[in-house]
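K.L.:
Handing you a structure now.
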Amino acid sequence: MQQGTLMRKVKSKSWKKQRYFKLQEDCMTIWYQSKRTGKTESAFSISDVETVREGHQSEVLQSVAEEFPPECCFTIVFYGRRGNLDLVAGSAEQAQCWVQGLRQLIEPRSFPLTFALVSRTWIRDWFQKADKNKDGRMNFKEVQRLLKMMNVDMNEDHALRLFQDADKSESGTLEGEEFVLFYKALTQREEVLSLFQEFSEDGKKLTLLELVDFLRQEQLEDEGTEELAMELIDKYEPSETARARHVLSADGFLMYLCSPEGSIFNPQHRALWQDMSQPLCHYFISSSHNTYLIEDQIRGQSSIEGYIRALKRGCRCLEVDCWDGPNGEPMVYHGHTFTSKIPFREVVSTLGKTSWENSSSPLPSMGTSPPSSHPQRELVVLASSSAGFQGTGPWRHWVAQRTSLSPTPQELKHKILLKGKKIGRLEDTLDGPGDEAPDVSDDDNGAEAEEERRRAKARGTQRGSALQKDKESLAQALSDCVIYCKNVPFRGFQEARSHSRPSEISSLSEAKARKLIRDEGNEFVRHNAWQLTRIYPSGMRTDSSNYSPQEMWNVGCQIVALNFQTAGMEMDLCDGLFSQNGCCGYVLKPPFMRDEETLFNPSDPSSREGPGPITLTIQVISGQQLPKVASSKEGAIIDPLVRVEIYGVPADQAHQETKYIENNGFNPRWDETLQFQLHVPELALIRFVVEDYDKTSRNDFVGQFTLAFANIKPGYRHIHLLSKDGTGIPPSSLFVHIRITE
Numbered sequence: 001m002q003q004g005t006l007m008r009k010v011k012s013k014s015w016k017k018q019r020y021f022k023l024q025e026d027c028m029t030i031w032y033q034s035k036r037t038g039k040t041e042s043a044f045s046i047s048d049v050e051t052v053r054e055g056h057q058s059e060v061l062q063s064v065a066e067e068f069p070p071e072c073c074f075t076i077v078f079y080g081r082r083g084n085l086d087l088v089a090g091s092a093e094q095a096q097c098w099v100q101g102l103r104q105l106i107e108p109r110s111f112p113l114t115f116a117l118v119s120r121t122w123i124r125d126w127f128q129k130a131d132k133n134k135d136g137r138m139n140f141k142e143v144q145r146l147l148k149m150m151n152v153d154m155n156e157d158h159a160l161r162l163f164q165d166a167d168k169s170e171s172g173t174l175e176g177e178e179f180v181l182f183y184k185a186l187t188q189r190e191e192v193l194s195l196f197q198e199f200s201e202d203g204k205k206l207t208l209l210e211l212v213d214f215l216r217q218e219q220l221e222d223e224g225t226e227e228l229a230m231e232l233i234d235k236y237e238p239s240e241t242a243r244a245r246h247v248l249s250a251d252g253f254l255m256y257l258c259s260p261e262g263s264i265f266n267p268q269h270r271a272l273w274q275d276m277s278q279p280l281c282h283y284f285i286s287s288s289h290n291t292y293l294i295e296d297q298i299r300g301q302s303s304i305e306g307y308i309r310a311l312k313r314g315c316r317c318l319e320v321d322c323w324d325g326p327n328g329e330p331m332v333y334h335g336h337t338f339t340s341k342i343p344f345r346e347v348v349s350t351l352g353k354t355s356w357e358n359s360s361s362p363l364p365s366m367g368t369s370p371p372s373s374h375p376q377r378e379l380v381v382l383a384s385s386s387a388g389f390q391g392t393g394p395w396r397h398w399v400a401q402r403t404s405l406s407p408t409p410q411e412l413k414h415k416i417l418l419k420g421k422k423i424g425r426l427e428d429t430l431d432g433p434g435d436e437a438p439d440v441s442d443d444d445n446g447a448e449a450e451e452e453r454r455r456a457k458a459r460g461t462q463r464g465s466a467l468q469k470d471k472e473s474l475a476q477a478l479s480d481c482v483i484y485c486k487n488v489p490f491r492g493f494q495e496a497r498s499h500s501r502p503s504e505i506s507s508l509s510e511a512k513a514r515k516l517i518r519d520e521g522n523e524f525v526r527h528n529a530w531q532l533t534r535i536y537p538s539g540m541r542t543d544s545s546n547y548s549p550q551e552m553w554n555v556g557c558q559i560v561a562l563n564f565q566t567a568g569m570e571m572d573l574c575d576g577l578f579s580q581n582g583c584c585g586y587v588l589k590p591p592f593m594r595d596e597e598t599l600f601n602p603s604d605p606s607s608r609e610g611p612g613p614i615t616l617t618i619q620v621i622s623g624q625q626l627p628k629v630a631s632s633k634e635g636a637i638i639d640p641l642v643r644v645e646i647y648g649v650p651a652d653q654a655h656q657e658t659k660y661i662e663n664n665g666f667n668p669r670w671d672e673t674l675q676f677q678l679h680v681p682e683l684a685l686i687r688f689v690v691e692d693y694d695k696t697s698r699n700d701f702v703g704q705f706t707l708a709f710a711n712i713k714p715g716y717r718h719i720h721l722l723s724k725d726g727t728g729i730p731p732s733s734l735f736v737h738i739r740i741t742e
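This is the structure:
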């Protein structure tokens, strides 16, 4: 990577300043300074960087797109709520040098490198924070300060003993490798060493057969265990000599337990592992509400950043609310409010560039048509130019061949589906010159056609006048774009079963959905087995708060729209469910929720077909390097506890927690066992929450991790904690032992 590179830092159309950017020698820190004054403005750690985007992939860079070519532009995105850093390099080569260099640093090719990188970054960061006089050395007073900063309340005599053991030069200070020795002594994992020695005959190494025994007995790995053991040794054993002898040292054992293979999340489920050839209605789909908003619903900012963030997070159902703008240009904003506005053309451009970066799954888009016809035609022109716009070809095949089923995610890869109003029926739109009309000689199709004639006769003038009203307010070209998701009002399950089609979708408020769940739970599940349902937040949630999506998933609702900009338990559940299956935004529903004649009702777990309840036993062993609470006083040390929460059908909803450990956020030990019975494990989500106990007020959030029960790996596992925003907080983790029994 080039060092001391002159680039433009861009904040707006009018704010573009030249700055020198430089990667420091530690390859972990980047600072930048003003070209004019030479004063260092800021510095950030590589560990703070979430990703790097190329081209005009931010609102700021899109605003200067005519001034700077995309090959010279890139955006550095940070974890949490820190703002993006938008940069323009002097040349495409210079931009690529920085983009590729940063990606190599933040996205290492193998987990051991990630583990080493995190450890090295962690050690360096703490050393720099504690080295108060900045002399590159640390005396004992500074070590005591470091322990407070690291959430450790350690006996002074023990701390002094560790310090003296690491001070090999006997200089009274620690520097370089001496500090590394001190850090390693401080982070000694007694609980892991004890487990290691339990399976090691000599207490110093695990032979290949001993590692196989551990994998089979404790980790419940029953297929290809010897091959897996060899692979783990080759991948995680740091000693070349040990690797050559096919043995695993205590350090290698710890690295394995901290790796993806040692995670509570089944690594095989991180990839695309589910059947993607089922109808769309057989999947839960990651969905956002008013995607363009990044703040509240009344006066909040509308930004394409909302779309970029949602897509990066795996969202596959976006909202694009379009209204008349100046000079007939469609604008996107929350209608009848004071939110800011963004041009529809910018939204389309963003979707065309970012929709398929993380997932090739189809992208249903929820749209509100503007009232006048000219902007509607403009919508069609702009949308049709977007990469992946659906077209009409595939559906013609489906109408002719399989009218009872909707298309599958596999068949609709790289397609954008538009949900909205439509003039008449889908068959009416497609039955034009040169098109093959549906064959109604088949008994089922004939019955359907006859039923439609009866329906039309019954409604008579009402249907005709409604159709005329639609034609007056809706441009035909826009109507023709609505193919797979025609918006229809919900008039009850019986009405839907008699007259609706798989290509149609109804939207329900959270309150309406709850009433249906309470009164007609089984009918709701059956309905969602063949047709899409969208749930949206109450209009009273002007602060962009969220409802719990779990109760909607319990009846099979596919499109459960949440405010992605608002952190909390609700978004943790969403991230937890959709973090599997390649993060493609689609999760296959359980078999008993895909059967149109199912008897399942979430209020009665016994209605589920299949095996009986299972028991989930979780031993919470320890925590590692837990972060301090952001609002805590200087020198304060957290008193951590762990709460395990179960979300699922009402009978499975539960939570239990450990005792709190006083003054130790660095390496707390709980060694407590929690046990839960799950009646419908297929719908259960498990949320691990770490809090700082406070006896006088509400506990403070420290970290969390949420996953679907189906993705749990039993055995001794690490849980790598996430922040309130859903981003990683390395190297903070929990160490647990999981058992699942019937």
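First residue of the sequence shown: 1, per the UniProt record's numbering; consecutive thereafter. Think of the CB as a built atom: it goes at the ideal place given N, C-alpha and C, for glycine as much as any other residue. None of these values were measured; they are calculated from a predicted model.
1. In three-state terms, what does DSSP make of residue 454?
2. Is the region 700-716 in contact with the region 566-575, if contact means three or more CB pairs nearer than 8 Å?
3. Specify whether the region 203-220 and the region 247-260 touch according to this definition: at least 3 beta carbon pairs, one from each stretch, less than 8 Å apart.
4. Going straight from the alpha carbon of residue 235 to that of residue 519, what length do you get?
5. Would you verify that the beta carbon of residue 623 is, or is not, closer than 7 Å to some beta carbon of chain D?
6. Exposed or buried, what is residue 479 when buried is set at 16 or more other beta-carbons lying within 10 Å of its beta-carbon?
7. Alpha carbon to alpha carbon, how far is residue 453 from residue 499?
8. So, are the CB atoms of residue 602 and residue 554 less than 7 Å apart?
9. What's the C-alpha gap between residue 257 and residue 730?
10. Using the beta-carbon count (16 or more within 10 Å), is residue 357 buried or exposed?
11. Comparing C-alpha positions only, which one of 506, 174, 190 sits nearest to residue 183?
12. Helix, strand or coil, according to DSSP, for residue 530 in the structure here?
13. Over what stretch of residues does the beta strand (DSSP E) that includes residue 31 continue unbroken?
14. What does a CB cutoff of less than 8 Å around residue 633 pick up in its chain, not counting 5 residues either side in sequence?
15. Over the uninterrupted alpha helix (DSSP H) stretch that includes residue 766, give me the two end residues.
16. If we count Cβ pairs, one from each stretch, closer than 8 Å, do we get three or more for the region 556-568 versus the region 270-285?
17. Fully enclosed by the UniProt domain "PI-PLC Y-box" (478-594), which alpha helix (DSSP H) runs are 4 residues long or longer?
18. When DSSP labels each residue in this structure, what does residue 141 get in the three-state scheme?
19. CB residue 294 to CB residue 305, shorter than 7 Å?
20. Would you report the Cα separation of residue 363 and residue 417, rounded to the nearest angstrom?
21. Using only alpha-carbon positions, find the residue among 527, 59, 50, 290 that is nearest to residue 538.
22. Closest to residue 14 by CA distance: which of 64, 31, 564, 6 is it?
23. Please classify residue 316: is it buried, with 16 or more other beta-carbons within 10 angstroms of its beta-carbon, or exposed?
24. Whose CA, out of 141, 715, 733, 567, lies closest to the CA of residue 214?
25. Our contact map puts residue 656 next to residue 644 with C-beta atoms below 8 Å; I'd like the distance itself, whole angstroms only.
26. Could you tell me whether the region 610-630 touches the region 664-674, using the rule of 3 or more Cβ pairs below 8 Å?
27. First and last residue of the beta strand (DSSP E) that includes residue 708?
28. Excluding sequence positions up to five away, which residues of its chain have a Cβ less than 6 Å from the Cβ of residue 672?
29. With three or more beta-carbon pairs closer than 8 Å as the criterion, would you say the region 308-328 touches the region 5-20?
30. Once you ignore the five residues that flank residue 536 on each side, which residues in its own chain have a CB closer than 8 Å to its CB?
31. Using 8 Å as the threshold, is the region 514-529 in touch with the region 480-494, meaning 3 or more CB pairs across them?
32. Going by DSSP, which residues form a beta bridge with residue 604?
33. Which residue from 259, 301, 341 puts its Cα closest to that of residue 718?
34. Measuring CA to CA, which of 326, 412, 319, 324 is closest to residue 360?
35. Which of the three DSSP states is assigned to residue 304 in this structure?
36. If you follow the alpha helix (DSSP H) that residue 345 is in, where does it begin and where does it stop?
P.N.:
Short version:
1. The residue given as residue 454 occupies position 454 in the sequence shown. In this prediction, residue 454 scores a pLDDT of 47, lower than 50, which makes its location untrustworthy; no coordinate-derived value is stated.
2. Flag = yes, the region 700-716 and the region 566-575 touch.
3. Short answer: they touch.
4. Within the sequence shown, numbered from 1, the residue matching residue 235 stands at position 235. Within the sequence shown, numbered from 1, the residue matching residue 519 stands at position 519. C-alpha separation (whole angstroms): 55 Å.
5. In the displayed structure, chain D is absent; only one protein chain is listed.
6. Along the sequence shown, read from residue 1 onward, the residue named residue 479 stands at position 479. By the 10 Å Cβ count, residue 479 comes out buried.
7. Residue 453 sits at position 453 when you count from the first residue of the sequence shown. Residue 499 sits at position 499 when you count from the first residue of the sequence shown. Any answer about residue 453 is weak, because its pLDDT of 46 lies below 50 and its placement is not dependable; what the coordinates show is given next. In this structure, the CA atom of residue 453 is about 11 Å from the CA atom of residue 499.
8. The residue given as residue 602 occupies position 602 in the sequence shown. The residue given as residue 554 occupies position 554 in the sequence shown. Between residue 602 and residue 554, the C-beta gap is smaller than 7 Å, which places the two residues in contact.
9. Here residue 257 is taken as the residue at index 257 of the sequence shown, counted from 1. Here residue 730 is taken as the residue at index 730 of the sequence shown, counted from 1. A straight line joining the alpha-carbon of residue 257 with that of residue 730 spans about 15 Å.
10. Translated into the one-based positions of the sequence shown, residue 357 becomes position 357. By the 10 Å Cβ count, residue 357 comes out exposed.
11. Within the sequence shown, the letter at position 183 stands for residue 183. That would be 174, whose Cα lies nearest to the Cα of residue 183.
12. Reading the sequence shown from its first residue, position 530 is the one you call residue 530. Correct three-state label for residue 530: coil.
13. Here residue 31 refers to the residue found at position 31 of the sequence shown. Here the beta strand (DSSP E) through residue 31 covers 29-34.
14. Residue 633 sits at position 633 when you count from the first residue of the sequence shown. The beta carbon of residue 633 sits closer than 8 Å to no other beta carbon from its chain once the five residues preceding and following it are set aside.
15. No answer is possible for residue 766: the residues shown for the chain start at 1 and end at 742.
16. Short answer: they touch.
17. Those alpha helix (DSSP H) runs which fall completely within the UniProt domain "PI-PLC Y-box" (478-594) and span 4+ residues are 493-499, 510-519, 521-528, 550-553, 569-578.
18. Within the sequence shown, numbered from 1, the residue matching residue 141 stands at position 141. If DSSP states are grouped into helix, strand and coil, residue 141 belongs with the helices.
19. What you label residue 294 is simply residue 294 of the sequence shown in a count that begins at 1. What you label residue 305 is simply residue 305 of the sequence shown in a count that begins at 1. The Cβ atoms of residue 294 and residue 305 sit closer than 7 Å to each other.
20. To locate residue 363, count along the sequence shown from 1; it is residue 363. To locate residue 417, count along the sequence shown from 1; it is residue 417. Near 6 Å, if we compare the C-alpha coordinates of residue 417 and residue 363.
21. Locating residue 538 in the sequence shown gives position 538, counting from the first residue. Ranking 527, 59, 50, 290 by Cα distance to residue 538 puts 290 first.
22. The residue you call residue 14 lines up with position 14 of the sequence shown. Nearest C-alpha to residue 14: 64.
23. Numbered from 1 along the sequence shown, position 316 holds the residue referred to as residue 316. Buried is the call here.
24. Counted from its first residue, the sequence shown places residue 214 at position 214. Comparing Cα-Cα distances from residue 214 to each of 141, 715, 733, 567, the minimum goes to 715.
25. Here the question's residue 656 lines up with position 656 in the sequence shown. Here the question's residue 644 lines up with position 644 in the sequence shown. At roughly 6 Å, the Cβ-Cβ gap stays under 8 Å, so residue 656 and residue 644 are in contact.
26. Judged by Cβ distances under 8 Å, the region 610-630 makes contact with the region 664-674, as three or more pairs qualify.
27. Indexing the sequence shown from 1 puts residue 708 at position 708. Residue range 700-708 is occupied by the beta strand (DSSP E) that includes residue 708.
28. In the sequence shown, the residue the question calls residue 672 occupies position 672. Cβ neighbours of residue 672 beyond the five flanking positions: 620, 658.
29. Counting C-beta pairs closer than 8 Å gives fewer than three between the region 308-328 and the region 5-20, which falls short of the contact rule.
30. Start at 1 with the first residue of the sequence shown, and residue 536 comes out as number 536. These residues qualify, in order along the chain: 289, 507, 508, 509, 510, 561.
31. In short, these stretches touch, since the Cβ pair count reaches three.
32. Here the question's residue 604 lines up with position 604 in the sequence shown. Residue 604 is bridged to 601.
33. For the purposes of this step, residue 718 is taken as the residue at position 718 of the sequence shown. Nearest Cα to residue 718 within the set 259, 301, 341: 259.
34. What you label residue 360 is simply residue 360 of the sequence shown in a count that begins at 1. For residue 360, the nearest C-alpha among the options comes from 412.
35. The residue given as residue 304 occupies position 304 in the sequence shown. Shown here, residue 304 sits in a helix according to DSSP, grouped into three states.
36. Locating residue 345 in the sequence shown gives position 345, where the first residue counts as 1. Per DSSP, residue 345 belongs to the alpha helix (DSSP H) from 344-354.
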